[in-house]
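Asks: For the protein sequence lines, the chains are R and F, in the order given. All residue numbers for the first sequence refer to numbering that gives the first Met the number 0, where the first residue is 0 and numbers rise by one. All residue numbers for the second sequence refer to numbering that gives the first Met the number 0, where the first residue is 0 and numbers rise by one. We treat Cβ as the ideally placed atom computed from N, Cα and C, and that holds for glycine.
Number of protein chains: 2
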Amino acid sequence: MQASTPTTAGRPRSDVNVTVFAATLRTIHELGYTGATMDRIAAAAGVAKTTLYRRWPSKGALITDCLLDAFGPVPLSGSNRNDVISSAIRWIADKISEPGAGAAFAGVFSDAINDPALRGILATRFQEPYRLALRDALGEPDDRVLLLIDVVTGTLLHRMGMTGEPMAEADIATLTDMILNALR
Amino acid sequence: MQASTPTTAGRPRSDVNVTVFAATLRTIHELGYTGATMDRIAAAAGVAKTTLYRRWPSKGALITDCLLDAFGPVPLSGSNRNDVISSAIRWIADKISEPGAGAAFAGVFSDAINDPALRGILATRFQEPYRLALRDALGEPDDRVLLLIDVVTGTLLHRMGMTGEPMAEADIATLTDMILNALR
DNA sequence: CCCATTACGCTACCAGTAGTAGCGTAATCA
DNA sequence: TGATTACGCTACTACTGGTAGCGTAATGGG
Numbered sequence: 000m001q002a003s004t005p006t007t008a009g010r011p012r013s014d015v016n017v018t019v020f021a022a023t024l025r026t027i028h029e030l031g032y033t034g035a036t037m038d039r040i041a042a043a044a045g046v047a048k049t050t051l052y053r054r055w056p057s058k059g060a061l062i063t064d065c066l067l068d069a070f071g072p073v074p075l076s077g078s079n080r081n082d083v084i085s086s087a088i089r090w091i092a093d094k095i096s097e098p099g100a101g102a103a104f105a106g107v108f109s110d111a112i113n114d115p116a117l118r119g120i121l122a123t124r125f126q127e128p129y130r131l132a133l134r135d136a137l138g139e140p141d142d143r144v145l146l147l148i149d150v151v152t153g154t155l156l157h158r159m160g161m162t163g164e165p166m167a168e169a170d171i172a173t174l175t176d177m178i179l180n181a182l183r
Numbered sequence: 000m001q002a003s004t005p006t007t008a009g010r011p012r013s014d015v016n017v018t019v020f021a022a023t024l025r026t027i028h029e030l031g032y033t034g035a036t037m038d039r040i041a042a043a044a045g046v047a048k049t050t051l052y053r054r055w056p057s058k059g060a061l062i063t064d065c066l067l068d069a070f071g072p073v074p075l076s077g078s079n080r081n082d083v084i085s086s087a088i089r090w091i092a093d094k095i096s097e098p099g100a101g102a103a104f105a106g107v108f109s110d111a112i113n114d115p116a117l118r119g120i121l122a123t124r125f126q127e128p129y130r131l132a133l134r135d136a137l138g139e140p141d142d143r144v145l146l147l148i149d150v151v152t153g154t155l156l157h158r159m160g161m162t163g164e165p166m167a168e169a170d171i172a173t174l175t176d177m178i179l180n181a182l183r
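1) Suppose you measure from the CA of aspartate 142 of chain R to the CA of leucine 147 of chain F; what does that come to, to the nearest Å?
2) For valine 15 of chain F and alanine 60 of chain F, which I take to be in contact (beta-carbon distance under 8 Å), what is that distance rounded to the nearest angstrom?
3) Chain R beta carbons: is any one of them nearer than 7 Å to that of asparagine 180 of chain F?
4) Of all the CB atoms in chain F, is at least one closer than 7 Å to the CB of histidine 157 of chain R?
5) Considering only C-alpha positions, which residue in the set R/Ile178, R/Leu182 and R/Arg124 is nearest to methionine 161 of chain F?
6) Identify the contact partners of aspartate 32 of chain F in chain R, using a Cβ-Cβ distance below 7 Å as the criterion.
7) Between alanine 69 of chain R and chain F, is any beta-carbon pair separated by less than 7 Å?
8) Taking Cβ-Cβ distances shorter than 9 Å, what residues in chain F pair up with glycine 106 of chain R?
9) Taking C-beta pairs closer than 9 Å, name the residues in chain F that valine 150 of chain R reaches, listed in chain order.
10) What residue ranges within the region 134-164 of chain R form continuous alpha helix (DSSP H) runs of no fewer than 4 residues, ordered along the chain?
11) Name, please, each residue of chain R whose Cβ falls closer than 9 Å to the Cβ of alanine 122 of chain F.
12) Could you compute how far the alpha carbon of leucine 30 of chain R sits from the alpha carbon of valine 107 of chain F?
13) Is the region 17-30 of chain F touching the region 72-91 of chain F in the sense that three or more CB pairs, one from each, lie closer than 8 Å?
14) With respect to the alpha helix (DSSP H) encompassing aspartate 64 of chain F, which residues constitute its N-terminal and C-terminal limits?
15) Below 8 Å on the Cβ atoms is my contact criterion, and I expect alanine 105 of chain R with isoleucine 112 of chain F to pass it. Report the Cβ-Cβ distance as a whole number of Å.
16) Kindly indicate which three-state DSSP category proline 234 of chain F falls into: helix, strand or coil?
17) Apart from the five residues on each side of it in sequence, which residues of its chain come closer than 6 Å, Cβ to Cβ, to proline 98 of chain F?
18) Is the separation between the beta-carbon of histidine 157 of chain R and that of aspartate 149 of chain F shorter than 7 Å?
19) Output needed in chain order: residues of the region 71-105 of chain R with a Cβ under 8 Å from some Cβ in chain F.
20) Mind listing the chain R neighbours of arginine 118 of chain F? Cutoff is C-beta to C-beta under 9 Å, in chain order.
21) For the candidate residues R/Arg39, R/Arg89, R/Gly71 and R/Leu51, whose alpha-carbon lies nearest to that of proline 165 of chain R?
22) Let's see if you can read the secondary structure: which residues bound the alpha helix (DSSP H) around glutamate 168 of chain R?
23) Suppose you measure from the CA of isoleucine 171 of chain R to the CA of methionine 177 of chain F; what does that come to, to the nearest Å?
24) For the region 128-144 of chain R, enumerate the residues whose C-beta is nearer than 9 Å to any C-beta of chain F, in chain order.
25) Answer yes or no: does any C-beta atom of chain F fall closer than 7 Å to that of leucine 146 of chain R?
26) Against chain F, which members of the region 7-26 of chain R pass a CB distance test of less than 7 Å?
27) Would you grab the beta carbon distance between serine 85 of chain R and threonine 175 of chain R for me? Rounded to a whole angstrom, and I think it's under 8 Å.
28) Is it right to say alanine 102 of chain R is buried, meaning 16 or more other beta carbons lie within 10 angstroms of its own, or is it exposed?
29) Using three-state DSSP, classify proline 128 of chain F as helix, strand or coil.
30) Which residues bound the alpha helix (DSSP H) around leucine 51 of chain F?
31) From what residue to what residue does the alpha helix (DSSP H) around valine 107 of chain R run?
32) Among residues of its own chain, excluding the 5 on either side of methionine 37 of chain R, which ones have a beta-carbon nearer than 7 Å to its beta-carbon?
33) Measuring alpha carbon to alpha carbon, tell me which residue in F/Ile95, F/Asn79 and F/Arg80 is nearest leucine 66 of chain F.
34) Please decide whether aspartate 170 of chain R counts as near chain F, where near means a Cβ-Cβ distance under 7 Å.
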């Protein structure tokens, strides 16, 4: 019984996804989103560019998967609702602050604005799981959770984009208070 | 006494800036930010592409000026502080909702993330005037005003980018309440 | 052990984009 | 009239995301 791994025939894929993800974030960190071309990412990972396109349909898709791998599921720890929310905000702020992650996120987000296919990937694979997890954990209606995500992520990305640096601790605390008050 | 218009020699520039701005927003509205190439914008304005580059150093600079022209100064009307804030939020939400404006804003913003020159233009010519006007009108410290701008603009742009459509009225009201509570 | 199958690296290629150079010409002022 | 500046036009560069096709390397099954 190996239904989960259908044992495909032929040469198996080399196990380089983690290497590619690391190379992607590193390249973005060093050269920015637009400077991190697919050629350079492939070179940094020690892989042919065609291999990247055999696994991901586009640059945006690769970076979306890279962010999914880097972020993981949202931790919903905390005894009460306020703790859950504030720890989730702290978590995403930390993740966006990691080297390359903020620029990657902002870049793929901006590409998605005029690329419906990528917007679909981003909405389905990225936002949707977090939205559902938060909705179940918080018991808030859908539109409230969506607004929460817009406010937190939008604010963090806007600051990152305008200043080039992640948001300072004090501002994150203010933002958290603002949201806790609103959802009281 | 014509110190303000130094009467430069030679052929004067044709008065096409308003035409170019209109053509820019229209083209972005129809084709999106990336689809609105400089060639297409020039064609839509009935102008040579080289003329665009004689007046603006880059696509981002052109669109920044276009947005400045479309937005104008922030109206600081209202008898009390809450009125000022809520009307300012309503104003920027309306402006971002205008055809092409949201996509233009999000596009130039995203380009700026990895283009320090454009980020300087955007920060200096766009964010700075609004920041100063709001600071004087509200009497809040600098970091508070910056955070206010990040929250409002970031949220609106994130929604616009994720859904492709401007934020609904009810969510804008919720956002406004959240901010008024925080700045109480 | 051999063979179909799939993945890999490599090179070459395409289409499209921002931005530039240079030409002849048109409009303005002194 | 002449210097000066702007315009339209064509052609061009440099670069990017993405594709096609080749020979070759790993697998698993018969």
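Replies: Taking the geometry as given:
1) Cα-Cα distance, rounded: 22 Å.
2) 16 Å between Cβ atoms; not a contact.
3) So yes, asparagine 180 of chain F belongs to the interface.
4) Histidine 157 of chain R has a beta carbon lying within less than 7 Å of a beta carbon in chain F.
5) Cα-wise, what sits closest to methionine 161 of chain F is R/Arg124.
6) Residue identity check: residue 32 of chain F is tyrosine in the sequence provided, not aspartate. Contact annotation for tyrosine 32 of chain F against chain R: Ile112 and Asn113 [CB-CB distance below 7 Å, chain order].
7) No, its Cβ sits nowhere closer than 7 Å to a Cβ of chain F.
8) By Cβ distance, chain F contributes Ser109, Ile112 and Asn113.
9) Against valine 150 of chain R, the close residues of chain F are Val150, Gly153, Thr154, His157, Leu174 and Met177, in the order they occur along the chain (beta-carbon pairs closer than 9 Å).
10) Secondary structure remark: continuous alpha helix (DSSP H) runs of at least 4 residues inside the region 134-164 of chain R, in chain order: 141-162.
11) Below the 9 Å Cβ cutoff, chain R contributes Met161 and Thr162 as neighbours of alanine 122 of chain F, in chain order.
12) Computed Cα separation, rounded: 19 Å.
13) No, they do not touch.
14) Here the alpha helix (DSSP H) through aspartate 64 of chain F covers 58-70.
15) The C-beta distance from alanine 105 of chain R to isoleucine 112 of chain F rounds to 5 Å, short enough to meet the 8 Å contact threshold.
16) The first residue shown for chain F is 0 and the last is 183, placing residue 234 of chain F beyond what the model contains.
17) Cβ neighbours of proline 98 of chain F beyond the five flanking positions: His28.
18) For histidine 157 of chain R and aspartate 149 of chain F, yes; Cβs fall inside 7 Å.
19) Answer set for the region 71-105 of chain R: Ala102 and Ala105.
20) By Cβ distance, chain R contributes Gly160, Met161, Thr162 and Gly163.
21) Nearest of R/Arg39, R/Arg89, R/Gly71 and R/Leu51 to proline 165 of chain R, Cα basis: R/Arg89.
22) Note, glutamate 168 of chain R: alpha helix (DSSP H), 168-181.
23) Using only the alpha carbons, I get a separation of about 15 Å.
24) For the region 128-144 of chain R, which is checked against every Cβ of chain F, the residues closer than 9 Å are Asp142 and Arg143.
25) Under the Cβ criterion of 7 Å, leucine 146 of chain R is counted among the residues facing chain F.
26) The residues in question: there are none.
27) Rounded, the Cβ-Cβ distance is 5 Å, consistent with contact.
28) Result: buried.
29) In this structure, proline 128 of chain F counts as helix in the three-state DSSP scheme.
30) Start and end: 48-54.
31) From DSSP, the alpha helix (DSSP H) with valine 107 of chain R extends over 100-112.
32) The answer, listed in chain order, is Lys48, Leu51 and Lys58.
33) Of F/Ile95, F/Asn79 and F/Arg80, the residue nearest in Cα terms is F/Ile95.
34) Aspartate 170 of chain R counts as touching chain F.
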